[in-house]
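Shown next, in structure tokens, is the structure this report addresses.
Numbering (the numbering used here), first residue to last: 204 to 817.
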């Protein structure tokens, strides 16, 4: 079967909003066209942004109405959120969108609130949904090249929304995924065998995340023999669903056996859609699921529950790489892990053209029609990363264009959008891993603003992840798995020191054993402490060993389920369940109090890490 895609291509020659119909092959040809002319498309995008928005207060301040690209690069500063926030606040309080964009702002998109402290509000205009839909609609033609027959079954994708807020001027403020799921682009999408979801839209759009999870998991189990794909937006959300199933499979089986929905489900839309799925009792299906879920351990359970599944789709790059071992455990290593696209609240960026690659090799081809992209060079080995701080002023002439980046080099991404962000620092550090035609392909390295620092040391997310990846291998001989982690720079002691919070689970043990607080030998955790320190950078080890300005690293082992409570805390404070990522560095007092209240044991490095003067 050949798949027909409806794409609104947001390039300069198609901004009139006409729907262009592409079959799968034609969608792939569009990727080729855009990447072959990446430089031309980028110049066209910037020209159109300037043409539309040159009279805005923000751009006029720097360009006095000019539409000249060279003047834009010479005069418009590179900014962080601090530079655009006053304009956002004025619009939120009722002033006109023309402060920053030539089109009406239709909504504000809130960041997850867990990547950079407080949530940030990003302006969005109506046609931004067309751009997002365009990128979404490229995923299946790409996947179909590698995995045939995806139109012969269903996708069990677990999607969630968050109740939106209203700004003082009446604009909705919501996460980007909530915006998409509540839009006509999603709700009024054409019937498509390549995107046949097990979850009813009503369950996805339920504001109660617990009821939504219950109904979506129930639907996935009912359709278990039709499911070809599993997934969620982030790996952490998918693993949370597995934990939910572990706690609730008895209730779910009872619903299937009796044909009656659990009375705890009270949402009217969920009741309506699930009554159709539970039209009659199915004791045979319930017995199948019960037999599988009652087995211990749960290694490979995903393949047992959904035997036709071909892959798991979720973001497993960056800090999400922490969840790869757990996903491989639950799938017994039989299901490829697919990260299909690269996107943020500010802008959708690109797609993974080799989706079945090893997660560590995942690279995203930036589509040049999504926005105008520039890059702050960070050196061939990322050596300049610490020389350009988050709020440091970046000289305009230091930026390079999309087609000017060099293979192997590191960059920080800067974006200009139609909605009113100009030379805005996304905060992502990327490495050029290759090119597709003239468009570069990037590996996501880390968020640059996630740092631990006590003295002169600066530990970023990637360095922390690498060090923990080495240390957690010491747990493997004891059938122990590091489920989740975060960190904290504790300056309350003299000297200050790094604190890691680890949640550890044991494979093959019963639930009763977990509740009995199985403990590792103290020496094992102490060796994990020093293993982390040995992998941290030269400056950290010098501060620890020579300067004595940093104290021994500490690992605090927390009770099982602690990080689920941490997620609940952030969601209750405004984070989106779709966009939630465990913060790798904790700054919230409430979060620290929660973590510390669940500490079972604490361990310190037994010695100084190795360090030699250069």
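Every residue gets a Cβ at the ideal spot worked out from N, C-alpha and C, and that includes glycine.
Presumed contact (8 Å Cβ cut-off) between residue i and residue j, rounded CB distance
{"i": "residue 244", "j": "residue 643", "result": "About 13 Å separates the two Cβ atoms, so there is no contact after all."}
{"i": "residue 539", "j": "residue 514", "result": "4 Å"}
{"i": "residue 518", "j": "residue 437", "result": "5 Å"}
{"i": "residue 272", "j": "residue 290", "result": "No, residue 272 and residue 290 are not in contact; Cβ-Cβ is about 22 Å, not under 8 Å."}
{"i": "residue 422", "j": "residue 480", "result": "6 Å"}
{"i": "residue 807", "j": "residue 732", "result": "6 Å"}
{"i": "residue 473", "j": "residue 409", "result": "5 Å"}
{"i": "residue 386", "j": "residue 548", "result": "No, residue 386 and residue 548 are not in contact; Cβ-Cβ is about 15 Å, not under 8 Å."}
{"i": "residue 603", "j": "residue 281", "result": "12 Å between Cβ atoms; not a contact."}
{"i": "residue 784", "j": "residue 522", "result": "6 Å"}
{"i": "residue 657", "j": "residue 634", "result": "That pair is no contact at about 27 Å."}
{"i": "residue 669", "j": "residue 738", "result": "6 Å"}
{"i": "residue 230", "j": "residue 341", "result": "6 Å"}
Sub-9 Å separation of residue i and residue j beta-carbons
{"i": "residue 325", "j": "residue 569", "result": "no"}
{"i": "residue 330", "j": "residue 374", "result": "no"}
{"i": "residue 357", "j": "residue 400", "result": "yes"}
{"i": "residue 524", "j": "residue 283", "result": "no"}
{"i": "residue 567", "j": "residue 605", "result": "no"}
{"i": "residue 504", "j": "residue 498", "result": "yes"}
{"i": "residue 416", "j": "residue 447", "result": "yes"}
{"i": "residue 339", "j": "residue 544", "result": "yes"}
{"i": "residue 558", "j": "residue 359", "result": "no"}
{"i": "residue 240", "j": "residue 759", "result": "no"}
{"i": "residue 684", "j": "residue 708", "result": "yes"}
{"i": "residue 462", "j": "residue 482", "result": "yes"}
{"i": "residue 431", "j": "residue 488", "result": "no"}
{"i": "residue 632", "j": "residue 665", "result": "yes"}
{"i": "residue 781", "j": "residue 435", "result": "yes"}
{"i": "residue 615", "j": "residue 628", "result": "yes"}
{"i": "residue 674", "j": "residue 335", "result": "no"}
{"i": "residue 396", "j": "residue 355", "result": "yes"}
{"i": "residue 332", "j": "residue 779", "result": "no"}
Inter-residue spacing [alpha-carbon to alpha-carbon] between residue i and residue j
{"i": "residue 815", "j": "residue 754", "result": "18 Å"}
{"i": "residue 249", "j": "residue 663", "result": "32 Å"}
{"i": "residue 270", "j": "residue 253", "result": "5 Å"}
{"i": "residue 294", "j": "residue 286", "result": "14 Å"}
{"i": "residue 317", "j": "residue 769", "result": "Caution is warranted here: a pLDDT of 35 is assigned to residue 317, below 50, making its placement in the model unreliable, and no coordinate value can be reported."}
{"i": "residue 301", "j": "residue 277", "result": "23 Å"}
{"i": "residue 533", "j": "residue 512", "result": "13 Å"}
{"i": "residue 467", "j": "residue 455", "result": "12 Å"}
{"i": "residue 279", "j": "residue 598", "result": "10 Å"}
{"i": "residue 715", "j": "residue 700", "result": "Any reading at residue 715 needs caution, since the residue's pLDDT is 40, under 50, leaving its predicted position unreliable; the model's value is listed next. Between residue 715 and residue 700, the C-alpha separation is close to 35 Å."}
{"i": "residue 573", "j": "residue 551", "result": "6 Å"}
{"i": "residue 687", "j": "residue 526", "result": "8 Å"}
{"i": "residue 486", "j": "residue 509", "result": "18 Å"}
{"i": "residue 251", "j": "residue 257", "result": "10 Å"}
{"i": "residue 637", "j": "residue 610", "result": "6 Å"}
{"i": "residue 757", "j": "residue 734", "result": "12 Å"}
{"i": "residue 362", "j": "residue 398", "result": "13 Å"}
Cross-strand partners of residue i (DSSP beta bridge)
{"i": "residue 654", "result": "663"}
{"i": "residue 649", "result": "632"}
{"i": "residue 644", "result": "568, 637"}
{"i": "residue 700", "result": "693"}
{"i": "residue 573", "result": "DSSP, once it has assigned bridges, lists no residue as partnering residue 573."}
Status (buried if at least 16 other CB within 10 Å, exposed otherwise) for residue i
{"i": "residue 796", "result": "exposed"}
{"i": "residue 798", "result": "buried"}
{"i": "residue 393", "result": "exposed"}
{"i": "residue 713", "result": "Only weak support is given to the placement of residue 713: the predicted model assigns it a pLDDT of 46, under 50, and the question is left unresolved by the model."}
{"i": "residue 741", "result": "exposed"}
{"i": "residue 813", "result": "exposed"}
{"i": "residue 471", "result": "exposed"}
{"i": "residue 327", "result": "buried"}
{"i": "residue 292", "result": "exposed"}
{"i": "residue 210", "result": "Because the pLDDT of residue 210 is 39, which lies under 50, any placement of that residue in the model is unreliable, and the number read from its coordinates should be weighed accordingly. With 16 or more Cβ atoms within 10 Å of its Cβ, residue 210 is classed as buried."}
{"i": "residue 477", "result": "buried"}
{"i": "residue 792", "result": "exposed"}
{"i": "residue 553", "result": "buried"}
{"i": "residue 706", "result": "buried"}
{"i": "residue 904", "result": "Missing from the structure shown is residue 904; the chain here goes from 204 to 817 and no further."}
{"i": "residue 391", "result": "exposed"}
{"i": "residue 204", "result": "Here the model assigns residue 204 a pLDDT of 34, short of 50, so the residue's position is not dependable, and the following value carries that caveat. Counting Cβ neighbours within 10 Å, residue 204 comes out exposed, since fewer than 16 surround it."}
{"i": "residue 564", "result": "exposed"}
{"i": "residue 562", "result": "buried"}
{"i": "residue 810", "result": "exposed"}
{"i": "residue 695", "result": "exposed"}
{"i": "residue 828", "result": "With the chain covering only 204 through 817, there is no way to say anything about residue 828."}
Residue i beta carbon near the ligand GDP (any heavy atom closer than 8 Å)
{"i": "residue 367", "result": "With respect to the ligand GDP, the structure shown offers nothing to examine, as it has no ligands at all."}
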